[in-house]
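Asks: Just dropping this structure here.
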Amino acid sequence: MQATQKTRRCNRFTRKRIIEIMLKKWFAAIFVLCALIYGCVTTPVSENSALILIPFSQEVSLGKQAFGEILQKETLSTNARLQTVVERVGRRLVIETSMADLDWEFKLFASNQMNAFALPGGKVGVYEGILPVCSNEAGLAAVLGHEIAHAVARHGAQRMSQQLLITGALAASSVTLSDNKNRGMILGALGIGAQYGVTLPFSRGNESEADEIGVIYMAKAGYDPREAMRFWQRFSSMKGGGQPPEFLSTHPADERRVRDIEQLLPEAMRIYNAHPNKQGLGESFLYIMNEERLKNPGGMRKGQMGDDPRNPAR
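Per my numbering, the sequence shown starts with residue 1, numbered consecutively.
What follows is the structure, given as structure tokens:
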């Protein structure tokens with residue numbers, strides 16, 4: 001009798017467990033199906049299809065929150081001329097995007113970090129340390145065009161959506177920076193995890209797409225797109241020895257990348273050559289730096305751009 005009761009209880013438990021597993025699989029299948037039906041968007045320029053489960057309004061809110069935290073953490077540059085150049089290059093680029101009507105902000109940070117980012121909602125940050133590697137306005141346009149492309153193509157939302165599908169534990173409505181459990185994933189997905197000790201490189205596909213979109217943006221803005229290839233060549237030369245620049249932790253620079261950008265140049269050059277108001281390479285950052293040093297014989301303060309020995313422009 002006891003053995004029979006145990007067998008019945010065991011069978012009931014087994015049936016219950018099987019039902020639970022089947023329900024979980026069923027709900028997961030429904031979730032994925034709904035995601036595929038309702039979550040697909042088309043990215044600009046490349047016109048690739050992408051799965052995004054995060055509402056755009058929520059993505060913008062996350063970008064603004066993250067930008068606010070960075071503004072509290074970092075020191076803004078006091079170099080008005082460089083800030084003007086960053087603003088000018090950025091404005092020329094965003095006019096060519098499908099999100100030109102966003103509240104775009106461009107901030108220059110007084111740090112020798114070689115880094116830059118563009119967050120959802122139009123929040124862009126540039127660190128002084130990357131300017132010598134950019135060398136000129138066109139080099140900066142290559143960097144910002146690439147970063148703005150990540151934001152406009154919603155690569156951060158794509159990566160968060162992938163986590164939703166992988167884990168199944170994170171609801172789209174609960175994606176907030178106040179959620180400590182998922183905070184690192186969110187910051188990493190937005191492309192600013194390196195500032196918080198979280199390294200989450202963009203996928204090769206995201207990087208290639210941002211290169212393609214960014215090169216077209218800079219050509220439409222009147223900047224020589226060939227400088228994009230030169231920028232990545234300069235940056236690639238900095239990989240050897242020591243701690244690699246922050247930008248390289250999420251944006252690997254290699255020969256394949258340079259070759260891929262070279263293949264994008266014919267179309268980009270066609271757009272650039274037809275531009276009625278070409279900017280060419282624009283102003284030289286080294287020229288601006290030398291002018292600043294002449295104005296300030298004591299030299300630029302430590303930690304300002306140009307101090308990092310890894311800079312190939314030194």
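In this text, a Cβ means the ideal position worked out from N, Cα and C, and glycines have one as well. On a predicted model such as this, the values are computed, not experimentally measured, just so you know.
1. From 220, 222, 221 and 214, pick the residue whose C-alpha is nearest to that of residue 322; which is it?
2. Drop a sphere of 10 angstroms on the beta-carbon of residue 132, count the other beta-carbons inside from all chains shown, and report buried for 16 or more, exposed for fewer.
3. How is the beta strand (DSSP E) around residue 105 delimited, first residue to last?
4. Who are the near neighbours of residue 134 in its chain, counting only those whose CB is closer than 8 Å to its CB and skipping five residues on each side?
5. Taking a contact to mean a Cβ-Cβ separation below 7 Å, would you say residue 137 touches residue 283 in this structure?
6. Sort 102, 150 and 211 by Cα distance to residue 352 and report the nearest one.
7. By Cβ distance, which residues of its chain are closer than 8 Å to residue 315, with the 5 residues on each side in sequence left out?
8. I think residue 221 touches residue 93, with their Cβ atoms under 8 Å apart; what is that distance to the nearest whole Å?
9. Within its chain, find whatever has a CB closer than 7 Å to the CB of residue 208; leave out the 5 residues flanking it on each side and keep chain order.
10. On the CB-based measure, 16 or more other CB atoms within 10 Å of its CB, does residue 225 come out buried or exposed?
11. Taking the beta strand (DSSP E) that residue 63 falls in, what are its first and last residues?
12. Using CA atoms only, rank isn't needed, just tell me which of 105, 95 and 82 is closest to residue 67.
13. Residues in the same chain with beta-carbon distance under 6 Å from residue 206, minus the five sequence neighbours each way, listed in chain order, please.
14. Comparing C-alpha positions only, which one of 158, 126 and 223 sits nearest to residue 70?
15. By a C-beta neighbour count over all protein chains shown, 10 Å radius and 16 as the cutoff for buried, is residue 128 buried or exposed?
16. What number of angstroms, rounded off, separates the C-alpha of residue 111 from the C-alpha of residue 79?
17. Which one of 235, 159, 212 and 237 has the shortest CA to CA distance from residue 266?
18. Give every residue of the same chain whose Cβ lies closer than 6 Å to the Cβ of residue 145, excluding the five residues on either side of it in the sequence, and list them in chain order.
19. Would you kindly report the start and end of the unbroken beta strand (DSSP E) that includes residue 315?
20. Quick one: what's got a C-beta closer than 6 Å to residue 123's C-beta in the same chain, skipping five residues either side?
21. On a CA-only basis, which of 74, 223, 89 and 84 is nearest residue 275? Give me that one, please.
22. Return the residue from the list 293, 90 and 83 that minimises the CA-CA distance to residue 100.
23. Please give me, in chain order, every unbroken run of the alpha helix (DSSP H) with length at least 4 that falls completely inside the stretch 195 to 234.
24. Using only CA atoms, which one of 114, 107, 65 and 55 lies nearest to residue 160?
25. Any idea if residue 257 is buried or exposed, counting beta-carbon neighbours within 10 angstroms, 16 or more meaning buried?
26. So, helix, strand or coil for residue 156, using DSSP?
27. Rounded to whole angstroms, what's the CA-CA distance from residue 292 to residue 72? Just pull it up for me.
28. By alpha-carbon positions, which one of 269, 61 and 81 ends up nearest to residue 287?
29. Is it right to say residue 296 is buried, meaning 16 or more other beta carbons lie within 10 angstroms of its own, or is it exposed?
30. Buried or exposed: where does residue 255 fall if 16 or more other Cβ atoms within 10 Å of its Cβ makes it buried?
31. Evaluate residue 121 with the Cβ neighbour count: other Cβ atoms within 10 Å of its Cβ, from every protein chain shown; 16 or more gives buried, anything less gives exposed.
Replies: A quick look at the data gives this:
1. The structure shown does not extend to residue 322, since the chain is modelled only from 1 to 314, so the question has no answer here.
2. One-based indexing of the sequence shown puts residue 132 at position 132. Residue 132 should be labelled buried.
3. Counting from one through the sequence shown, the residue named residue 105 turns up at place 105. Element bounds for residue 105: 105 to 109.
4. Here residue 134 refers to the residue found at position 134 when the sequence shown is read from its first residue. So the list reads 140, 142, 143, 231 and 285, once near-sequence residues are dropped.
5. Start at 1 with the first residue of the sequence shown, and residue 137 comes out as number 137. Start at 1 with the first residue of the sequence shown, and residue 283 comes out as number 283. Closer than 7 Å, so yes.
6. Given that the chain is displayed from residue 1 to residue 314, the structure contains no residue 352 and the question cannot be resolved.
7. Outside the shown range of the chain, which is 1 to 314, sits residue 315, and nothing can be said about it.
8. Within the sequence shown, numbered from 1, the residue matching residue 221 stands at position 221. Within the sequence shown, numbered from 1, the residue matching residue 93 stands at position 93. Right, the Cβ-Cβ distance comes to about 5 Å (below 8 Å), so this counts as a contact.
9. As a first step, residue 208 is located in the sequence shown; it is residue number 208 there, counting from the start. Around residue 208: 260.
10. Numbered from its first residue, the sequence shown carries residue 225 at position 225. Buried, because 16 or more other Cβ atoms sit within 10 Å of the Cβ of residue 225.
11. Position 63 of the sequence shown, counted from the start, is the residue given in the question as residue 63. First-last for residue 63: 56 to 73, but that is the alpha helix (DSSP H), not the beta strand (DSSP E).
12. By 1-based counting over the sequence shown, the position of residue 67 is 67. Nearest C-alpha to residue 67: 105.
13. By 1-based counting over the sequence shown, the position of residue 206 is 206. Correct list, in chain order: 155.
14. Position 70 of the sequence shown, counted from the first residue, corresponds to residue 70. The shortest Cα separation from residue 70 among 158, 126 and 223 belongs to 126.
15. Here residue 128 refers to the residue found at position 128 when the sequence shown is read from its first residue. Residue 128 is buried by the Cβ-count criterion.
16. Against the sequence shown, residue 111 aligns to sequence position 111. Against the sequence shown, residue 79 aligns to sequence position 79. Looking at the two C-alpha atoms, the distance is approximately 12 Å.
17. Against the sequence shown, residue 266 aligns to sequence position 266. The option with the nearest alpha carbon to residue 266 is 212.
18. Indexing the sequence shown from 1 puts residue 145 at position 145. Only 93, 214, 217 and 218 meet the Cβ criterion.
19. With the chain covering only 1 through 314, there is no way to say anything about residue 315.
20. Here residue 123 refers to the residue found at position 123 of the sequence shown. Cβ neighbours of residue 123 beyond the five flanking positions: 63, 67 and 105.
21. As a working note, residue 275 is residue 275 in the sequence shown. Answer by Cα proximity: 223.
22. Numbered from its first residue, the sequence shown carries residue 100 at position 100. Checked all of 293, 90 and 83; the closest Cα to residue 100 is 90.
23. 204 to 220
24. Position 160 of the sequence shown, counted from the first residue, corresponds to residue 160. Among 114, 107, 65 and 55, the Cα nearest to that of residue 160 belongs to 55.
25. Along the sequence shown, one-based indexing puts residue 257 at 257. Buried, because 16 or more other Cβ atoms sit within 10 Å of the Cβ of residue 257.
26. The residue you call residue 156 lines up with position 156 of the sequence shown. Three-state DSSP puts residue 156 in a helix.
27. Walking along the sequence shown from the start, residue 292 turns up at place 292. Walking along the sequence shown from the start, residue 72 turns up at place 72. Each residue's alpha carbon lies about 27 Å from the other.
28. Looking up residue 287 in the sequence shown gives position 287. Of 269, 61 and 81, the residue nearest in Cα terms is 81.
29. For this step, residue 296 is matched to residue 296 along the sequence shown. Residue 296 comes out exposed.
30. Along the sequence shown, read from residue 1 onward, the residue named residue 255 stands at position 255. It is exposed - the Cβ of residue 255 has fewer than 16 other Cβ atoms within 10 Å.
31. Reading the sequence shown from its first residue, position 121 is the one you call residue 121. Label assigned to residue 121: buried.
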